[in-house]
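Chemist: Here it is, the structure in full.
There are 2 protein chains.
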Amino acid sequence: MRIGVLGSGEVGGHIAKKLAALGHEVMLGSPHAKDKADEFPGIALGTAPEAAQHGEWVVNAMEGATALRVLKDCDLDGKILVDIGNIESSIDGPLETPLGQQIQENHPTARVVKTLNSTSAHLMVDPGQLPARHTVFVASNDDKAKSEVVSLLEDFGWQDIVDLGDLSACRGMEYLAAAWIPINKALGTTDFALSLVRKES
Amino acid sequence: MRIGVLGSGEVGGHIAKKLAALGHEVMLGSPHAKDKADEFPGIALGTAPEAAQHGEWVVNAMEGATALRVLKDCDLDGKILVDIGNIESSIDGPLETPLGQQIQENHPTARVVKTLNSTSAHLMVDPGQLPARHTVFVASNDDKAKSEVVSLLEDFGWQDIVDLGDLSACRGMEYLAAAWIPINKALGTTDFALSLVRKES
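Here is the structure:
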């Protein structure tokens, strides 16, 4: 499948490499992507709108206001948009509107699926690096798009994928990203994740 | 020990009963506590200021604006104040100032310890009800108070207690409570909790 990954930072980089390793035709898009050929062998590089144009699916790995601004120049019509981002202010300040919901509102014909946004970047694409099962959450207003993204998460190695329903779950999911911060500070490592413990599991 | 529990809802009720079962002299304080003698046998009942006066320790099991208002009438000077509460708006709207930090600011001589606020009430006092280990977080500006509260959490049955440092962790901890909402909605039960998975654990 052709997938455009928007944002060439740590998150976008990990996702692009994993998708390419899984055999997808990836284009990584950002203002600086074209300078990163050495870092991303075998991955096409372009601007964010070019990467969005390339993709049958689009992955948002940009944060907050940047994501909202850049996505406005991208063709997302009818495409699955996997939103991995967070509003910056969710980390250390009030979160007005969750990013996933704002993107869906700005792009009503995009099929927005929120996931992975509270997981350390290297664990997003290789959850088995931790010694115990941990959980990824997923939410979307489009059930079919959600089930397709769940398949991709399984390809990434995820075993515990919890469906939180529609995009109204975005606030809770983006708040989880904010909780990542003090845990990271306390443990001094990004090698951690949250697992959802329940009776049936 | 004499402990005042402020708030006689589900959280305060569970905490008061557990503390009494552990042999502490508990007073439960709220506007309606005195009507609940049948529900709380062996537990003294009074107003919130009376319960605070009674306690060597005080537990805040009230939410948001109510907690801030009621605590202003309570003597907390030099006492350990275990804050289990959350700002209501942290659940479905922007969180301006986390409750734990606001209480510490309003009561500079109280020894505020934030904990338990993102756990289902019945699991706060009996974490072993779930089939796998899960995690409680704790934060305070007062290390000695924090270590005393950790001992109490151990008495409650907690095995995985993670120290998140000072009260700047309150925002992340209170956001975890907001994440509880969509998970509760998706699972249709309060029998769940989050576990912190890491390499050394």
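Top to bottom, those sequences are chains A and B. Once you know that position 163 of the first sequence is 165 in the working numbering, the rest is easy, because the numbers rise by one and skip nothing. Once you know that position 105 of the second sequence is 107 in the working numbering, the rest is easy, because the numbers rise by one and skip nothing. A virtual CB, placed ideally from N, CA and C, is assigned to each residue, including glycine. None of the values given here were measured: they were computed from a predicted structure.
(1) For a cutoff of 7 Å on Cβ pairs, would you count residue 100 (chain A) as touching chain B?
(2) Alpha carbon to alpha carbon, what distance is there between residue 85 (chain B) and residue 63 (chain B)?
(3) Taking the alpha carbon of residue 88 (chain A) as the point to measure from, which residue in A:186, A:179, A:73 and A:197 has its own alpha carbon closest?
(4) So, under 8 Å CB-CB, residue 92 (chain A) and residue 177 (chain A) are touching, yes? Tell me the CB distance rounded to an integer number of Å.
(5) Please say whether residue 5 (chain B) and residue 59 (chain B) have beta carbons closer to each other than 7 Å?
(6) In three-state terms, what does DSSP make of residue 127 (chain B)?
(7) To the nearest angstrom, how far is the alpha carbon of residue 181 (chain A) from that of residue 20 (chain A)?
(8) Can you check which of these residues, B:186, B:197, B:174 and B:107, is closest to residue 130 (chain B) by C-alpha distance?
(9) Between residue 191 (chain B) and residue 42 (chain A), what straight-line distance do the alpha-carbon atoms span, to the nearest angstrom?
(10) Evaluate residue 15 (chain B) with the Cβ neighbour count: other Cβ atoms within 10 Å of its Cβ, from every protein chain shown; 16 or more gives buried, anything less gives exposed.
(11) Is residue 152 (chain B) close to chain A, meaning its C-beta is less than 7 Å from at least one C-beta of that chain?
(12) Would you kindly work out how many angstroms separate the C-alpha atoms of residue 28 (chain B) and residue 154 (chain B), rounded to a whole number?
(13) Does residue 102 (chain A) come out as helix, strand or coil in the three-state DSSP assignment?
(14) With burial defined as no fewer than 16 other Cβ atoms inside 10 Å of the residue's Cβ, what is the status of residue 134 (chain B): buried or exposed?
(15) Spatial neighbours of residue 205 (chain B) within its chain, please: C-beta separation below 6 Å, excluding the five flanking residues on both sides.
(16) Roughly how far, in whole angstroms, is the beta-carbon of residue 30 (chain B) from the beta-carbon of residue 39 (chain B), given that I think they are within contact range, below 8 Å?
(17) Tell me residue 85 (chain A)'s beta-bridge partners as DSSP assigns them.
(18) Examine chain B for any beta-carbon lying closer than 7 Å to the beta-carbon of residue 10 (chain A), and answer yes or no.
(19) Tell me, which residues are paired with residue 198 (chain A) by DSSP?
(20) Using three-state DSSP, classify residue 21 (chain A) as helix, strand or coil.
(21) Throw me the rounded Cβ distance for the residue 66 (chain A) and residue 32 (chain A) pair, which I believe falls under 8 Å.
(22) Listed in chain order, which residues of the stretch 174-197 of chain A have Cβ atoms closer than 9 Å to some Cβ of chain B?
(23) Taking the C-alpha atoms as reference points, what is the distance between residue 23 (chain A) and residue 36 (chain A)?
(24) If you draw a straight line from the alpha carbon of residue 118 (chain B) to that of residue 73 (chain A), how long is it in whole angstroms?
(25) Who pairs with residue 137 (chain B) in a beta bridge, going by DSSP?
(26) Taking buried to mean at least 16 other C-beta atoms within 10 Å of its own C-beta, is residue 226 (chain A) buried or exposed?
(27) Could you check what DSSP says for residue 181 (chain B) in three-state terms: helix, strand or coil?
(28) Going by C-alpha distance, which of B:115, B:186 and B:107 is nearest residue 145 (chain B)?
(29) Below 8 Å on the Cβ atoms is my contact criterion, and I expect residue 2 (chain B) with residue 7 (chain B) to pass it. Report the Cβ-Cβ distance as a whole number of Å.
(30) With a Cβ-Cβ cutoff of 7 Å, do residue 102 (chain A) and residue 169 (chain A) count as a contact?
(31) Once you ignore the five residues that flank residue 127 (chain B) on each side, which residues in its own chain have a CB closer than 6 Å to its CB?
(32) Could you give the residue range of the beta strand (DSSP E) that holds residue 52 (chain B)?
(33) Taking Cβ-Cβ distances shorter than 8 Å, what residues in chain A pair up with residue 94 (chain B)?
(34) Is there a C-beta anywhere in chain A that falls below 7 Å from the one on residue 138 (chain B)?
(35) If the criterion is Cβ atoms closer than 7 Å, does the pair residue 163 (chain A) and residue 152 (chain A) meet it?
(36) Any idea what DSSP makes of residue 78 (chain A), helix, strand or coil?
Modeler: Reading from the atomic positions:
(1) no
(2) 7 Å
(3) A:179
(4) 6 Å
(5) yes
(6) coil
(7) 26 Å
(8) B:197
(9) 44 Å
(10) buried
(11) no
(12) 14 Å
(13) helix
(14) exposed
(15) The structure shown has nothing for residue 205 (chain B), since chain B only spans 3 to 203.
(16) Not a contact, Cβ separation roughly 10 Å.
(17) A:62 and A:116
(18) no
(19) B:196
(20) helix
(21) Actually they are not in contact, since the Cβ atoms of residue 66 (chain A) and residue 32 (chain A) sit about 15 Å apart, beyond 8 Å.
(22) 174, 175, 176, 177, 178, 179, 180, 181, 182, 183, 184, 185, 187, 188, 189, 191, 193, 194, 195, 196 and 197
(23) 20 Å
(24) 39 Å
(25) B:162
(26) The question about residue 226 (chain A) has no answer, for chain A in this structure spans 3 to 203.
(27) helix
(28) B:115
(29) With chain B covering 3 to 203 only, the question about residue 2 (chain B) has no answer from this structure.
(30) yes
(31) 16, 20 and 158
(32) First-last for residue 52 (chain B): 50-56, but that is the alpha helix (DSSP H), not the beta strand (DSSP E).
(33) 173
(34) no
(35) yes
(36) coil
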